[in-house]
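Asks: Below you will find the structure I want to go over with you.
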DNA sequence: GGCTCACTGTACAACGTTGCAGGCAGCGAC
DNA sequence: GTCGCTGCCTGCAACGTTGTACAGTGAGCC
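Protein chains in written order, with our numbering: chain A, 22 to 360; chain B, 22 to 360.
Here it is, written out as structure tokens:
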């Protein structure tokens, strides 16, 4: 049985409240008393019961992070950054996996488990713009990702349209004209796929390069296998292309794998650009040119904004904010070695 | 302000305890009463306060998982499996990153945050056999990994020696005789590197193949970049080899990258075997032959064993157990396409 | 009629902590 | 001498829940 304030108070011969005062650095305590209490604490190996403290204070010192799955490298790296940012501010992170499933995302929002934490960071894949109002919850929520805009909560995300436009412009500038897309979502307007496709089309239009529907491959999931499968389909379709813009790095890596199986040379025959700047994209063969969406900045900002709400610094008065991280293009071998 | 039992009781015109009884499915309640209470619950949108419940019950419904970092794919996949296993049993998972640093691992063991969860699953990299006794804590702990054996807690791990021996035997069976090792740790006996090296040497010995120290590359960290660097060093050293056994997949992928940069053909010139069976090893080019250490089985078992301790099923009486997951060799292209 | 027993519901205390109000001693000012 | 202040410490109540003890009601049985 763990020691309680009561045990310490008894041993030190003071009241329970005095022990509490010592622990909480209440100023008016005689040095002598403080030492007695500290000795008792040390002797009993007393540690405050956080659950009881939480019950009194209403704060838990933890935040929840809901994301599709950690097996997806992007989310693993995001979780890493979030945990680091949270720890820097003395918070722990509880992780929930939703599989990107709308029903499970809603469940996470409504789960009584939310009471174990002070707020929720949710990276949604299943929710859509129509679900925006469901984000309104009796606790602080910060939304990540690009499924919902102008919702009732703070929102931290990346510049999808601009970044995708920059990626396509980058390929166009290197003389590529037939750019295949992997990872599109049929009919999607909002969402990573929809926004990135829009950026792509904007770049084509600005350069007066015709858009060809045959170059677009849809795949709901963005795992490596989906990238490989899409590329095999593309090759089987016989459509001609000299570049691939995959909507994330895992798709790109799967696609590169399929390209090379088919004996196609990267970047000589086909240039490849990904999105996410995963660690592994630096070590693929060839290394992958990709869009760095500012993952650490997103994590850092999201945690800061959530804590602002939790601590009431940004009271309900402050309207929900939309914050965009800065992106950059990381140039590597898959588009031709630079310099 | 969230509704409490008190509010519900008031609205339903019953005592607070009756509401509690309804919620906890206490059997002797009149249908009529139950309905009244349920209506009040629905009207107020009442959700039980988990913190208060935890304080009463001493249980939190969460477990902690401490691991080096989620950016390492192996740990991300492990965390995924642990979260899934925990969820299946109604538990949530709080993640702490230690960076594999001994001091931070000790901090995790002693942190008052442990009180936010019912037990700890710790995958240590920094702790060593001498630290075994420090695992003795006033809450349930299950150790993962291979830094400490016969410690005071339950321990779930993989068959490192046997798996590594099998990997080397596999290469030997395919006619490889000069097997380079990447990821060794100088002088280590216990620990993934030490054990895997032992398995490797056992296989060599059994086959009467001489052990050559020049083929061993040490690297403390097992990131992709370390694999690439080690391989470049190996190539620069001029030592002759026809196979590589990397002590994890990320090292192997980095090494393959460096091999291919040097124009060496895999598996024709050099066969490569990794360890971990990461998802990405299936999509590298060539795909990577690897040891599947039974990650899901480890996660599943670890969660089960921890919950057994938490629920007191396996009371202190039961001595700490050492549990080993079954491994298998996953044969892919990096050692020559099978069949 | 009095007994037991099964139902149905209530009151109270407790989990370990902290906010609040207040007590008491000592001291300087009037 | 007393008033008011500061410094130090204490007791009580409360956070929201659940376990224990118990009270009342009605049915069934001797």
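Glycine included, every Cβ here is placed at the ideal spot set by N, Cα and C.
Who pairs with residue 175(B) in a beta bridge, going by DSSP?
Replies: On the second chain, position 154 is the one that residue 175(B) refers to. In DSSP, residue 175(B) forms a bridge with 163(B).
Asks: Going along the stretch 61 to 82 of chain B in order, which residues come within less than 8 Å of chain A, judged by CB to CB distance?
Replies: Those would be 68, 69, 70, 71, 72, 73, 75, 76, 81, 82, in chain order.
Asks: What does the alpha-carbon distance come out to for the pair residue 201(B) and residue 181(B)?
Replies: Locating residue 201(B) in the second chain gives position 180, where the first residue counts as 1. Locating residue 181(B) in the second chain gives position 160, where the first residue counts as 1. Taking the straight line joining both Cα atoms gives about 18 Å.
Asks: Would you list, in chain order, the members of the stretch 288 to 306 of chain A that have their beta-carbon closer than 8 Å to a beta-carbon of chain B?
Replies: If the cut-off is 8 Å between Cβ atoms, the stretch 288 to 306 of chain A has 300, 301, 303, 304, 305, 306 near chain B.
Asks: Residue 59(A) CB to nearest chain B CB: under 8 Å?
Replies: The count along the first chain starts at 1 and reaches residue 59(A) at position 38. No, residue 59(A) does not count as interfacial toward chain B.
Asks: Can at least three beta-carbon pairs, one atom from the stretch 136 to 153 of chain A and one from the stretch 163 to 175 of chain A, be found at a separation below 8 Å?
Replies: Segments in contact, yes.
Asks: Cα-Cα, which of 244(B), 269(B), 280(B), 270(B) is closest to residue 255(B)?
Replies: As a first step, residue 255(B) is located in the second chain; it is residue number 234 there, counting from the start. The option with the nearest alpha carbon to residue 255(B) is 280(B).
Asks: So what's residue 138(A) in DSSP terms, helix, strand or just coil?
Replies: Here residue 138(A) is taken as the residue at index 117 of the first chain, counted from 1. Reduced to three states, the DSSP call for residue 138(A) is coil.
Asks: Flag this pair as touching only if the stretch 257 to 265 of chain B and the stretch 309 to 320 of chain A have three or more C-beta atom pairs under 8 Å; answer yes or no.
Replies: Counting Cβ pairs under 8 Å, fewer than three are found: no touch.
Asks: Mark residue 157(A) as exposed unless 16 or more other C-beta atoms lie within 10 angstroms of its C-beta, in which case mark it buried.
Replies: Mapped onto the first chain, residue 157(A) falls at position 136. Exposed: under 16 other Cβ atoms inside 10 Å.
Asks: Can the beta-carbon of residue 365(B) be found less than 8 Å from the beta-carbon of residue 134(A)?
Replies: Past the edges of chain B, shown from 22 to 360, lies residue 365(B), and the structure says nothing about it.
Asks: Can you tell which of 291(B), 78(B), 24(B) has the C-alpha that lies nearest to the C-alpha of residue 199(B)?
Replies: In the second chain, residue 199(B) corresponds to position 178, counting from 1. Looking at the Cα atoms, 291(B) is the closest of the given residues.
Asks: Among 31(A), 249(A), 43(A), whose alpha-carbon lies nearest the alpha-carbon of residue 283(A)?
Replies: Taking the first residue of the first chain as position 1, residue 283(A) is located at position 262. For the residues 31(A), 249(A), 43(A), the minimum Cα distance to residue 283(A) belongs to 249(A).
Asks: Residues of chain B with a CB under 8 Å from the CB of residue 25(A): which are they?
Replies: Against the first chain, residue 25(A) aligns to sequence position 4. In chain order: nothing, as chain B lies at least about 12 Å away.
Asks: Taking 8 Å as the CB-CB limit, is residue 134(B) close to chain A?
Replies: Locating residue 134(B) in the second chain gives position 113, where the first residue counts as 1. Output row for residue 134(B): interface = yes.
Asks: Could you list which residues in chain B have their beta carbon closer than 7 Å to that of residue 100(A), in chain order?
Replies: Within the first chain, the letter at position 79 stands for residue 100(A). Result: 91.
Asks: Cβ of residue 350(A) within 7 Å of any heavy atom in the ligand FAD?
Replies: For the ligand FAD, the structure offers nothing, since it holds no ligand at all.
Asks: Would you mind working out which of 68(B), 270(B), 34(B), 207(B) sits nearest residue 56(B), comparing C-alpha positions?
Replies: Along the second chain, read from residue 1 onward, the residue named residue 56(B) stands at position 35. Out of 68(B), 270(B), 34(B), 207(B), 34(B) has the C-alpha closest to the C-alpha of residue 56(B).
Asks: Hey, is residue 278(B)'s beta-carbon within less than 8 Å of any beta-carbon in chain A?
Replies: Position 257 of the second chain holds residue 278(B). So yes, residue 278(B) belongs to the interface.
Asks: Report the option in 97(B), 123(B), 194(B) whose CA atom is closest to the CA atom of residue 225(B).
Replies: Here residue 225(B) is taken as the residue at index 204 of the second chain, counted from 1. Answer by Cα proximity: 194(B).
Asks: In chain order, what residues of the stretch 112 to 127 of chain B put their CB closer than 8 Å to some CB of chain A?
Replies: Hits within the stretch, in order: 113, 114, 115, 116, 117, 118.
Asks: How would you write the range of the alpha helix (DSSP H) that residue 215(B) sits in, first residue to last?
Replies: Walking along the second chain from the start, residue 215(B) turns up at place 194. 213 to 227 is the span of the alpha helix (DSSP H), which, as asked, contains residue 215(B).
Asks: Measuring only between beta-carbons, confirm whether residue 344(A) sits less than 8 Å from chain B.
Replies: Within the first chain, the letter at position 323 stands for residue 344(A). False, the Cβ-Cβ gap to chain B never drops below 8 Å.
Asks: From the DSSP output, which residues share a beta bridge with residue 238(B)?
Replies: As a first step, residue 238(B) is located in the second chain; it is residue number 217 there, counting from the start. Bridge partners of residue 238(B): 203(B).
Asks: Output the boundary residues of the beta strand (DSSP E) element that contains residue 83(B).
Replies: One-based indexing of the second chain puts residue 83(B) at position 62. Per DSSP, residue 83(B) belongs to the beta strand (DSSP E) from 83 to 88.
Asks: Would you say residue 275(B) lies against chain A (beta-carbon separation less than 8 Å)?
Replies: As a first step, residue 275(B) is located in the second chain; it is residue number 254 there, counting from the start. By this cut-off, residue 275(B) is an interface position.
Asks: Is there at least one Cβ from chain A nearer than 8 Å to residue 97(B)'s Cβ?
Replies: One-based indexing of the second chain puts residue 97(B) at position 76. Yes, its Cβ sits closer than 8 Å to a Cβ of chain A.
Asks: List in chain order: all unbroken alpha helix (DSSP H) runs of 4+ residues lying wholly within the stretch 59 to 135 of chain B.
Replies: Runs found: 71 to 78, 94 to 109, 123 to 131.
Asks: For residue 3(B), which beta-bridge partners are listed by DSSP?
Replies: Only positions 22 to 360 of chain B appear in this structure, which leaves residue 3(B) out of reach.
Asks: Check whether the Cβ of residue 94(A) lies closer than 8 Å to any Cβ atom in chain B.
Replies: Here the question's residue 94(A) lines up with position 73 in the first chain. Output row for residue 94(A): interface = yes.
Asks: Please report the Cβ distance between residue 140(B) and residue 330(B), rounded to the nearest whole angstrom; I am assuming they are in contact, meaning their Cβ atoms lie under 8 Å.
Replies: By 1-based counting over the second chain, the position of residue 140(B) is 119. By 1-based counting over the second chain, the position of residue 330(B) is 309. 7 Å between Cβ atoms; contact.
Asks: Please report how far the alpha carbon of residue 359(A) lies from the alpha carbon of residue 276(A), in whole angstroms.
Replies: Position 338 of the first chain, counted from the first residue, corresponds to residue 359(A). Position 255 of the first chain, counted from the first residue, corresponds to residue 276(A). For residue 359(A), the predicted model reports a pLDDT of 48, less than 50, meaning its position is unreliable; a value from the coordinates is still stated below. Roughly 22 Å between the two C-alpha positions.
Asks: Are any of the Cβ atoms in chain A nearer than 8 Å to that of residue 281(B)?
Replies: Against the second chain, residue 281(B) aligns to sequence position 260. Chain A, which has a Cβ nearer than 8 Å to the Cβ of residue 281(B), makes this yes.
Asks: Below 8 Å on C-beta distance, what does residue 159(A) contact in chain B?
Replies: Within the first chain, the letter at position 138 stands for residue 159(A). Simply 23.
Asks: Is residue 136(A) buried or exposed, if buried means 16 or more other CB atoms sit within 10 Å of its CB?
Replies: Locating residue 136(A) in the first chain gives position 115, counting from the first residue. Flag for residue 136(A) reads buried.
Asks: Using the C-alpha atoms, what's the distance from residue 187(B) back to residue 296(B)?
Replies: Locating residue 296(B) in the second chain gives position 275, counting from the first residue. Locating residue 187(B) in the second chain gives position 166, counting from the first residue. Distance between the alpha carbons of residue 296(B) and residue 187(B) is about 11 Å.
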